[in-house]
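In our numbering, the protein residues as written are 3 to 420.
For each residue, glycine too, the CB sits at the ideal point set by N, CA and C.
To start, the structure itself, in structure tokens.
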Ligand code: PMP
């Protein structure tokens, strides 16, 4: 480890070595090398408490929820609804009923587009997204605009990957119905000023959806302070099981929204003669048997993150990001894509000498897991004029020594291709 690495590690408040022991996968060897897992923006590893929560649920409590009179069903329902409360507290929602369990950010955005979007957007209306959005926060809006004859506007960014707030403001008008913006970019790391973005949208009467897939794993989130109307995230990027996640929505908006998926569990009464009436929110949006264990695992992940400390996580990752940016940025022929002032732990880069996929393959041979590709942000790649980047994305269990290993791996790439 370099001197700088030792210095920066010493100011952090996290006991990272202890934390790493909570994540069994981090003890695995990959291709005979110690695993250096730097693909956290794609999915995070799971701590033992989450793994045990799933095991405990299936071993002792498994039953279908909400409809059972028997004790196991009541216990499972209690655990699931308790998990909803945990998510609500985690986001500082006003009440648990503002939390809808979904499969992840993608499903949450589709729910809002199909339910809220379809019921308010009309021909000639406008929806604003940004140039840096994930496809999951572009395509549902494109589809809605096509269906309704509405227009999708794109808020531009600068070369550093920061949203141009003045240009965004110019796009807003009384025609704007929805603004959909990422809390943090998965490809660049840029943290967007979502509170300011929401205020500006509200001044024009638009509602705001924040895609928090890369927000919640890295910083404290307070949906009431942001004053967003909707906030979505994926559990699997927050140390929780795949197929879990949440949509937060302001109660008065959720209440006015029609169901999207329909079927069992979301009804009040079904009659062939009189039709169907729907359950109250949030159950109205949870048709069918949900991922019960996923919700319970998500609550366990939230408890774990809270026990580490969200402010401490943000501070540690910020230090680690600075260090990674320095050791990678100083390598000849490396260009870092995404140099915003406010970033979460993402370092995207390209090299003069090698294609991102070749870089990814060589790093993999060193046991270093990074992602090479367009990161589901093709419009952003087009903006930077690159087909793909290599992305190292960090979590609080990563270390300064791992950043040194990454830098050494990149130098190896250079040797191979020069
Ligand atoms: N938005 C952002 C910013 C993301 O990073 C991702 C996942 N890469 C998504 C949305 C989609 O998340 P999921 O695939 O878990 O639904």
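Excluding the 5 residues preceding and the 5 following residue i in the sequence, name in chain order all residues of the same chain whose CB lies nearer than 8 Å to its CB.
| i | result |
| --- | --- |
| residue 115 | 142, 143, 145 and 146 |
| residue 13 | For residue 13, the pLDDT reaches just 48, beneath the cut-off of 50, and the residue's location in the model is therefore unreliable, although a value from the coordinates is still provided. Cβ neighbours of residue 13 beyond the five flanking positions: 321. |
In three-state terms, what does DSSP make of residue i?
| i | result |
| --- | --- |
| residue 97 | coil |
| residue 90 | helix |
| residue 235 | strand |
| residue 111 | helix |
| residue 36 | strand |
| residue 294 | helix |
| residue 120 | helix |
| residue 20 | helix |
| residue 408 | helix |
| residue 174 | coil |
| residue 31 | strand |
| residue 3 | Bear in mind that the predicted position of residue 3 carries a pLDDT of just 41, short of 50, making it too unreliable to give a figure here. |
| residue 166 | coil |
| residue 421 | The structure shown does not extend to residue 421, since the chain is modelled only from 3 to 420, so the question has no answer here. |
| residue 331 | helix |
| residue 263 | coil |
| residue 225 | helix |
Provide the residue(s) that pair with residue i in DSSP beta bridges, ordered along the chain.
| i | result |
| --- | --- |
| residue 41 | 395 |
| residue 352 | 337 |
| residue 345 | 192 |
| residue 375 | 391 |
| residue 132 | 157 |
| residue 280 | 269 |
| residue 415 | According to DSSP, which records beta bridges pairwise, residue 415 is partnered with nothing at all. |
| residue 103 | 248 |
| residue 180 | 129 and 209 |
| residue 186 | 193 |
| residue 370 | 38 |
Does the beta-carbon of residue i have 16 or more other beta-carbons within 10 angstroms, so that it is buried, or is it exposed?
| i | result |
| --- | --- |
| residue 300 | buried |
| residue 287 | buried |
| residue 270 | exposed |
| residue 103 | buried |
| residue 254 | exposed |
| residue 402 | buried |
| residue 74 | exposed |
| residue 47 | buried |
| residue 86 | buried |
| residue 266 | exposed |
| residue 57 | exposed |
| residue 110 | buried |
| residue 363 | exposed |
| residue 394 | buried |
| residue 133 | buried |
| residue 168 | exposed |
| residue 293 | buried |
Please return the same chain residues whose Cβ sits closer than 7 Å to the Cβ of residue i, not counting the five positions on each side in sequence.
| i | result |
| --- | --- |
| residue 250 | 93, 95, 100, 101, 225, 232 and 233 |
| residue 55 | 298, 299 and 302 |
Suppose the cutoff is 6 Å on Cβ atoms and the five residues either side in sequence are ignored; what does the same chain contact list for residue i look like?
| i | result |
| --- | --- |
| residue 112 | 142 |
| residue 11 | Its pLDDT being 42, under 50, residue 11 is placed unreliably in this model, and the value from its coordinates should be taken loosely. These residues qualify, in order along the chain: 402. |
The segment 336-347 touching the segment 192-207, judged by at least three CB pairs closer than 8 Å: yes
Shell residues, 5 Å Cβ cut-off relative to heavy atoms of ligand 3: Ligands present in the displayed structure are limited to ligand 1, and ligand 3 is not among them.
Segment contact flag, the segment 179-189 with the segment 125-143, C-beta cutoff 8 Å, min 3 pairs: yes
Stretch pair the segment 352-359 + the segment 17-30: three plus CB contacts closer than 8 Å: no
Three CB pairs or more closer than 8 Å across the segment 200-217 and the segment 153-161: no
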